[in-house]
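Remarks on the structure that follows.
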Amino acid sequence: MKIKRYFAADMRRAIQMVREEQGPDAVILSNRKVNGGVELMAAIDYDAEVVNQMAMDNTDQTPENVPSPSNNSEPDAVPMAEQTRAEAPAAPSQARAAAVNPLRKEIEWSQDPAIVAMKEELQQLSGVVLNQLNGLAWGEMRQKHPLYVKLMQYLMRMGLSPELCRTVADQITFCDSMAENWRQAMAFLASQIQTGDDDILSNGGIVALVGPTGVGKTTTIAKLAARYTLRHGSNKVALVTTDCYRIGAYQQLQTYGRILGVAVYVANSSDELHDTLEMLSDKELVLIDTAGVSMRDERLMSQAVMLAESQFPIRSYVVLSTTTQRHSQEEVVKAYSQLDFEGVILTKLDETLALGEAISVAINHQLPISYVCDGQMVPEDIHPARANNLVNRGVSMIQDSVDLPDEERVALTFGDLVAYG
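Here the working numbering is used: the first residue of the sequence shown is 535, the next is one more, and so on.
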């Protein structure tokens, strides 16, 4: 058996040196980091039993750079072959031999810092190559189907998710008229939007609004209460808050209640909520304002459990701000996954630049859009959702801007869908 040490700046170069000098049949006996790079020991014309024996002995040795309690000398000062002869037993037991198996070697190699670094480099290279392939695939699509590409750019400008853009575009019977293609796309998009038919103000009941802080839950509750009061009278409505975390939360809701002539109650626990709802059983509409907390706050779970485990038929609606990014909106819906949502209420339509992201979330989770809010005025700025109105409003927003997503961004976004879809 011919054993030789190799020194290189990194593991990839060291392995390349072994292959160039000893060929593909060489076996790696050991590797370690040294000043200036890595040291790798390789062998050719080896005896398999001897190599296995050396692997067993190397496994039992004290890890490199950690002094042994019984020997303070550097373990690397003794050549590998001498360590093997000095420490290897005359006849290893079957149990010890069985312990050295391919799976254990694989684990040891996978934890080696040099191997980890190589994997990271390969992943980076893979990402670069994938982006280039996606760009080529999209470039070919642009040459063959320019109208398809132009439509995808407009849909992306609306803020629709890549998957929804592809779904819409695939439903179009393309013609030479871009206006006709766009009309078909918007008609199909509207057909995918479910709406709630003004169910809260029509049906009453016990309704809870959930969502993160700052999306406008309290203001939305005030708008709904005001609308219902105008239709049926203030004695038919009650407001409840479970927000015991935010300073001034009760006072804000109480202010609205005083203006509307509606009673406001506080429930800090499941028991208190149960007692309050039992007391308000004669009310036609009870609106519950929940605490607005971060999606990663453990208190969110307690709020969701309070509603989910109630003995009363509470209908929950998630409130989403249209100014929030799509991925964040997705996280909100997932965070309250244990609640069976009746629908979604979209807020801040007057502040957003695109409606497509919120529409994508609603379609993706098959949530009816019940109401939309487009201002701070109570009760004027709340409206029952209508699919065609939402689409028309989304289109009008992109008409105010002539800028379309650049080709590189579109290629990176949709290239993989074209290449592998």
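Here a beta-carbon is modelled for each residue, glycine too, at the ideal position from N, C-alpha and C.
Please read all numbers here as calculations on a predicted model, not as lab measurements.
Legend entry - Within the stretch 850-917, ranges of the alpha helix (DSSP H) (whole runs, at least 4 residues): 860-869 and 890-898
Legend entry - Residue burial classification, Gln900 (beta-carbon count within 10 angstroms, cutoff 16): exposed
Inset, instruction - State yes or no: is the C-beta of Val749 within less than 8 Å of the C-beta of Leu819? - result: no
Legend entry - Nearest-angstrom Cα separation, counted from Glu655 out to Met545: 12 Å
Inset, instruction - To the nearest angstrom, report how far apart Arg553 and Gln657 are at their CA atoms. - result: 23 Å
Legend entry - Residue(s) in a DSSP beta bridge with Val741: Leu821 and Arg849
Legend entry - Cβ neighbour criterion (16 or more within 10 Å) applied to Asn606: Interpretation of Asn606 is limited by its pLDDT of 45, a score under 50 that renders its predicted location unreliable; no figure is taken from the coordinates.
Inset, instruction - Name the two residues that bound the continuous alpha helix (DSSP H) containing Met931. - result: Ala921 to Gln933
Inset, instruction - In angstroms with no decimal places, state the Cα-to-Cα distance between Glu598 and Asn569. - result: Note that Glu598 scores 47 on pLDDT, short of 50, meaning its location in the model is unreliable; the coordinates nonetheless yield the value given after this. About 14 Å.
Legend entry - Assigned secondary structure, Asn565 (DSSP; H/G/I helix, E/B strand, else coil): strand
Legend entry - Close-in-space but distant-in-sequence residues of the same chain around Cys1019 (CB under 7 Å, 5 per side omitted): Summary: the structure shown does not reach residue 1019, with the chain confined to residues 535 through 955, and so no result is reported for it.
Legend entry - Pick from Ile649, Leu685 and Arg691 that is closest to Leu889, judged by C-alpha positions: Arg691
Legend entry - Assigned exposure category for Ala919 - 16 Cβ within 10 Å defines buried: buried
Inset, instruction - Please confirm whether Leu811 and Ala742 have their CB atoms less than 8 Å apart. - result: no
Inset, instruction - Have a look at Arg700 and Met686 and give me their C-alpha separation to the nearest angstrom. - result: 7 Å
Legend entry - Span separating the alpha-carbon of Gly745 from that of Met551: 59 Å
Inset, instruction - Quick one: measure Cβ to Cβ for Gln863 and Glu891, integer angstroms, because I've assumed they're closer than 8 Å. - result: 7 Å
Legend entry - Run of the beta strand (DSSP E) containing Ala577, from where it starts to where it stops: Gly571 to Ile578
Inset, instruction - Within the same chain, show all residues whose beta-carbon is closer than 6 Å to that of Tyr505, passing over the 5 residues directly before and after it, in chain order. - result: Residue numbering for the chain in the displayed model covers 535 to 955; residue 505 lies beyond these limits and cannot be assessed.
Inset, instruction - On the DSSP bridge assignment, give the partners of Leu773 in chain order. - result: Val798 and Leu821
Inset, instruction - Could you tell me the distance, in whole angstroms, from the CA atom of Leu794 to the CA atom of Lys757? - result: 10 Å
Inset, instruction - Under 8 Å by Cβ, that's how I've got Pro847 and Gly739 pegged, so tell me the actual separation to the nearest angstrom. - result: 7 Å
Inset, instruction - Give the C-beta separation of Cys907 and Thr881 to the nearest angstrom, bearing in mind that I take them to be a contact with Cβ-Cβ under 8 Å. - result: 4 Å
Inset, instruction - Check whether the Cβ atoms of Asp823 and Asp777 sit closer than 8 Å, and answer yes or no. - result: yes
Legend entry - Rounded C-alpha distance that separates Ile649 from Lys536: 24 Å
Legend entry - Selected residue, minimal CA-CA separation from Arg765, among Gly693, Ser736 and Gly791: Ser736
Legend entry - Environment of Met720 [buried if 16+ CB atoms lie within 10 Å]: buried
Legend entry - Ala760, DSSP secondary structure in three states: helix
Legend entry - Nearest-angstrom Cα separation, counted from Glu865 out to Arg619: Unreliable positioning characterises Arg619 in this predicted model, as indicated by a pLDDT of 40, which lies under 50. The coordinate reading is nonetheless provided below. Going from the Cα of Arg619 to the Cα of Glu865 covers about 60 Å.
Legend entry - Distance between Val796 and Ala513 (C-alpha atoms, nearest Å): An answer regarding residue 513 cannot be provided, because it is not within the stretch 535 to 955 covered by the chain.
Inset, instruction - Check whether the Cβ atoms of Gln872 and Ala838 lie closer than 8 Å to each other. - result: yes
Inset, instruction - Within the same chain, show all residues whose beta-carbon is closer than 8 Å to that of Asp559, passing over the 5 residues directly before and after it, in chain order. - result: Ile578
Inset, instruction - Reducing DSSP to helix, strand and coil, say where Phe541 ends up. - result: strand
Inset, instruction - Note down the Cα distance separating Gln728 from Glu697, rounded to an integer number of angstroms. - result: 18 Å
Legend entry - Straight-line gap, Lys538 to Lys868 (C-alpha atoms, nearest Å): 57 Å
Legend entry - Gly730 versus Arg927, Phe875 and Asp884, residue with shortest Cα-Cα distance: Phe875
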